[in-house]
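The sequence shown begins at 1222 in the numbering used here and counts up by one. Cβ atoms here follow ideal geometry from the backbone N, Cα and C, with glycine treated the same way.
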Amino acid sequence: MATLLPDYPVAHADTAKPRRIRQVRERPDLIFRGLTRTGGIIVLLIMVLVAVFLSTQAVTAISSEGLWAFLTTQEWSPETNHFGIAAVLTGTILIALVALIVAIPLALGMALFITEIATGGLRRTLQSTVDLMAAVPSVIYGLWGLYFFEQAIVPFAVWLNQWFGWIPIFAVSGTDPDNPLPNDALFKSSTLIAGLVVALMIVPVMTAMMSESFSRAPIGEREAAYALGATRWGMIRAVVLPFGKGGIIGGTMLGLGRALGETIAIYLIISPLYQISFQILHKGASSVAALIATKYGEANPFTMSALMAAGLALFIVTMIINFTASTVIARSRSGAESEA
């Protein structure tokens, strides 16, 4: 039986050329790619439209006050053409920082407990509870903070002031250290109370993202750590936490974004104070979102332009934080250390 050999082109012949390989995608893949690409484009388009709308609406106020004065003025009085976001933006950041300081350890501990310690029905119950807490409207948290939590936290705020009042952030102007009956009104509607309420709001969202990241840690590396004699905490520290670094960063930034933009809960709790103050226990706080909610109903066209300018500043700060977080996450993808 004769053996048939394939026809090979002659060496150095002009007809020798590489064969082009074409990838043929099926219809479901094409539909999926089209839908996802369309969704991404729509999201980007909406973000651009929001930025353009805020910018066009804010031009009148910023041009009247001046950009530098708008960024550095503490008072908010558009009626007298003297207003700025220095106080409200500082208050927004302070409330968000208080919320993050409290929320990060709570969310991290809860996520590790759900994924690494709890089993069976307890794990499912905790996961369902976290999901339900994330779905609770912010107005519910605000009402709870106003009518219950504020009264419960004031004694703790008084204790902080009595023992740590020498630290500037825990000082409260107008208090008498020798008075056995402190004025509790000075400790209400403070940055601390607003930050704690916001912390309880963002903990479920952060916990859900962190636990999802931790649960995807490779089972093989978990077992390898145990085989080498690691304790449970040693396995978590060597495998789970490095693998879930991206989830920790992403959950933290997601919580920070919600803390910066929270409106109703802060609006119900704080007593507006248009002055930069780092005394987080003292009555009075400020927030850009709460400012807009407070002044929107009674705003004339110029005041509305000033509110839009404040919203534009908050929008820019939020975008900077989100883009920074995206860059950090992209450089520390979950599992990068474990897969190396």
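| query | result |
| --- | --- |
| Distance between beta carbons of A1530 and A1279, contact taken as under 8 Å | 4 Å |
| Inter-residue spacing [alpha-carbon to alpha-carbon] between Y1447 and M1456 | 7 Å |
| Anticipated Cβ contact below 8 Å, F1370 with V1426, distance rounded | Actually they do not touch by this definition, with Cβ atoms about 19 Å apart. |
| Contact the segment 1453-1473 vs the segment 1503-1521: 3+ CB pairs below 8 Å | no |
| Cα-Cα separation, A1557 to R1443 | Per-residue confidence for A1557 stands at a pLDDT of 47, beneath the threshold of 50, marking its modelled position as unreliable; the derived number appears in the next sentence. Distance between the alpha carbons of A1557 and R1443 is about 15 Å. |
| Distance CB(G1312)-CB(I1490) smaller than 7 Å | no |
| Sequence-distant residues of the same chain with beta carbon closer than 6 Å to L1421, five excluded per side | none |
| Whole runs of the alpha helix (DSSP H) within the segment 1460-1527, excluding any shorter than 4 residues | 1466-1482, 1485-1490, 1509-1516 |
| Counted within 10 angstroms of its Cβ, other Cβ atoms place Q1244 as buried (16 or more) or exposed | exposed |
| Bounding residues of the alpha helix (DSSP H) (the contiguous stretch that carries S1394) | Premise fails: S1394 is in no alpha helix (DSSP H) and is neither H nor E. |
| Whole-angstrom C-beta distance between I1306 and F1291, which should lie under 8 Å | 7 Å |
| W1387 in three-state terms, based on DSSP | coil |
| C-beta contact flag for P1376 and A1527 at 7 Å | no |
| Given K1516 as reference, the closest of W1297, F1385, T1396, S1411 once Cα atoms are compared | W1297 |
| A1551 versus T1301: straight-line alpha-carbon distance, rounded | 47 Å |
| I1541 to I1497 span [Cα, whole Å] | 22 Å |
| Coarse secondary structure for S1547, derived from DSSP in three states | helix |
| Secondary structure of S1359, DSSP reduced to three states | helix |
| S1410 - containing alpha helix (DSSP H), residue span | First-last for S1410: undefined, no H or E at that position. |
| Helix, strand or coil at S1284 according to DSSP, with G and I counted as helix | helix |
| Coil, strand or helix - S1276 by DSSP | helix |
| Local conformation of S1349 per DSSP, three classes | helix |
| Boundaries (first-last residue) of the alpha helix (DSSP H) holding A1308 | 1307-1333 |
| Cβ-Cβ distance between M1474 and A1546 below 7 Å | yes |
| Min CB distance V1323 to chain B below 7 Å | The structure shown contains no chain B; it is built from a single protein chain. |
| Per-residue DSSP class, three states only, for S1434 | helix |
| Contacts around V1282, its chain only, beta-carbon distance under 6 Å, and the 5 residues preceding and following it disregarded | In the sequence as presented, Val is not what sits at residue 1282; that position holds Ala. S1526, A1527, A1530. |
| First through last residue of the alpha helix (DSSP H) which encompasses Y1447 | 1440-1448 |
| First through last residue of the alpha helix (DSSP H) which encompasses G1455 | 1453-1456 |
| Rounded C-alpha distance that separates A1406 from I1414 | 13 Å |
| Beta-carbon contacts of L1381 that lie in its chain and below 7 Å, excluding the five residues immediately before and after | F1391, L1502 |
| Proximity below 7 Å, CB of A1320 to CB of A1480 | yes |
| Whole-Å CB distance - S1276 paired with L1494, under 8 Å assumed | Their Cβ separation, rounded to whole angstroms, is 28 Å, which puts S1276 and L1494 out of contact at 8 Å. |
| Among G1416, I1537, Y1488, T1548, the one whose alpha carbon lies nearest that of I1513 | Y1488 |
| Under 7 Å between C-beta atoms of I1423 and A1339 | no |
| With 16 other Cβ atoms within 10 Å as the buried cut-off, status of A1356 | exposed |
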